[in-house]
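Residue numbers (my numbering): 1 to 252.
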Ligand SMILES: [Zn+2]
Ligand SMILES: [Zn+2]
């Protein structure tokens, strides 16, 4: 079988396990390794790779925990060949243990609820280069984008904004589809989770958690940039303002 590289999501789950094990490797007869092997073999990430019983076997999961444990800077002795993605995930766990653990738990919750398996692949879950460099991995991004495309949720959000007598327009740049495109654009808008799933956890989406965005701003909120694949409308508005300020006084 050709080696199938570990996806960020898989490394996230394995690294959480090693961290909770005080950064020590886990043996293949460990029940937690068996459980993670079953879980990884079920994930909708690598097509039908799991038809091969060696794919993410207990042995391969155990070896990955060794790669992770030996990539920790406090590890005495040489590192095994974990590769760059493994080193990156360890570095991210060390820099932000709470955030990364929360992402791993949110991913597990999405798996346990079955929602993750029901969400189809989303066109924007990978960036223009066909890669997902999102810190929280690809599957949480998929889950969030899937929810954001829910027509019923979007309609309820629009009704809520209308009841408050507020305009249906982009909360970041104020673009109004109806004002620009006439009847064709009337009521066109996209919805965006203000708090990313890896922070909020995949509980039921509330209308208060959603913001209205134009298609451009929505793209910019999800674009992978400097290791982040999530921005709030406030973050984006601040970036737009910073550019405008700079344009007004280019010498500064
Ligand atoms: Zn906008
Ligand atoms: Zn969004």
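Where is the CB? At the ideal position from N, CA and C, for every residue including glycine.
Integer Cβ distance of residue i from residue j, believed to fall under 8 Å
i, j, result
"residue 70", "residue 79", "4 Å"
"residue 9", "residue 45", "6 Å"
"residue 210", "residue 193", "6 Å"
"residue 142", "residue 121", "7 Å"
"residue 67", "residue 77", "Contact doesn't hold; Cβ gap of about 13 Å is too wide."
"residue 279", "residue 220", "Absent from the model: residue 279. The displayed extent of the chain is 1 to 252, so no value can be given."
"residue 199", "residue 102", "6 Å"
"residue 11", "residue 86", "6 Å"
Distance between residue j and residue i (C-alpha atoms, nearest Å)
i, j, result
"residue 232", "residue 84", "29 Å"
"residue 144", "residue 195", "10 Å"
"residue 178", "residue 247", "28 Å"
"residue 35", "residue 109", "15 Å"
"residue 104", "residue 136", "8 Å"
"residue 48", "residue 37", "15 Å"
"residue 255", "residue 148", "Any answer about residue 255 is impossible in this case: the structure gives the chain only from 1 up to 252."
"residue 152", "residue 205", "12 Å"
"residue 197", "residue 146", "12 Å"
"residue 241", "residue 162", "27 Å"
"residue 226", "residue 3", "28 Å"
"residue 150", "residue 181", "24 Å"
"residue 183", "residue 98", "47 Å"
"residue 22", "residue 157", "44 Å"
"residue 125", "residue 224", "10 Å"
"residue 175", "residue 100", "34 Å"
"residue 53", "residue 96", "34 Å"
"residue 24", "residue 33", "13 Å"
"residue 238", "residue 245", "10 Å"
"residue 214", "residue 234", "14 Å"
"residue 88", "residue 185", "43 Å"
Among the options, nearest to residue i - alpha-carbon criterion
i, options, result
"residue 290", "249, 59, 139, 127", "Residue numbering for the chain in the displayed model covers 1 to 252; residue 290 lies beyond these limits and cannot be assessed."
"residue 216", "173, 242, 183", "173"
"residue 166", "212, 184, 182", "212"
"residue 75", "5, 240, 176, 19", "19"
"residue 117", "41, 180, 51", "41"
"residue 55", "6, 24, 148", "6"
"residue 230", "77, 127, 250", "127"
"residue 43", "112, 102, 24", "112"
"residue 228", "134, 24, 238", "134"
"residue 159", "107, 189, 241", "189"
"residue 107", "241, 203, 244", "203"
"residue 168", "187, 123, 191", "187"
"residue 170", "239, 100, 218", "218"
Beta carbon proximity, residue i to chain D, threshold 8 Å
i, result
"residue 26", "Chain labels in this structure do not include chain D; a single protein chain is all it has."
Checklist entry - Residue ranges of each beta strand (DSSP E) run of no fewer than 3 residues wholly in the region 56 to 128, ordered along the chain? => result none
Item to check | Stretch pair the region 3 to 23 + the region 83 to 103: three plus CB contacts closer than 8 Å | outcome: yes
Next on the checklist: Between the region 50 to 68 and the region 26 to 35, can you find at least three pairs of beta-carbon atoms closer than 8 Å?
Outcome noted: yes
Next on the checklist: Give the list of continuous alpha helix (DSSP H) stretches no shorter than 4 residues that lie fully inside the region 163 to 247.
Outcome noted: 177 to 181, 197 to 200, 215 to 222
Item to check | Whole beta strand (DSSP E) elements within the region 1 to 41, 3-residue minimum | outcome: none
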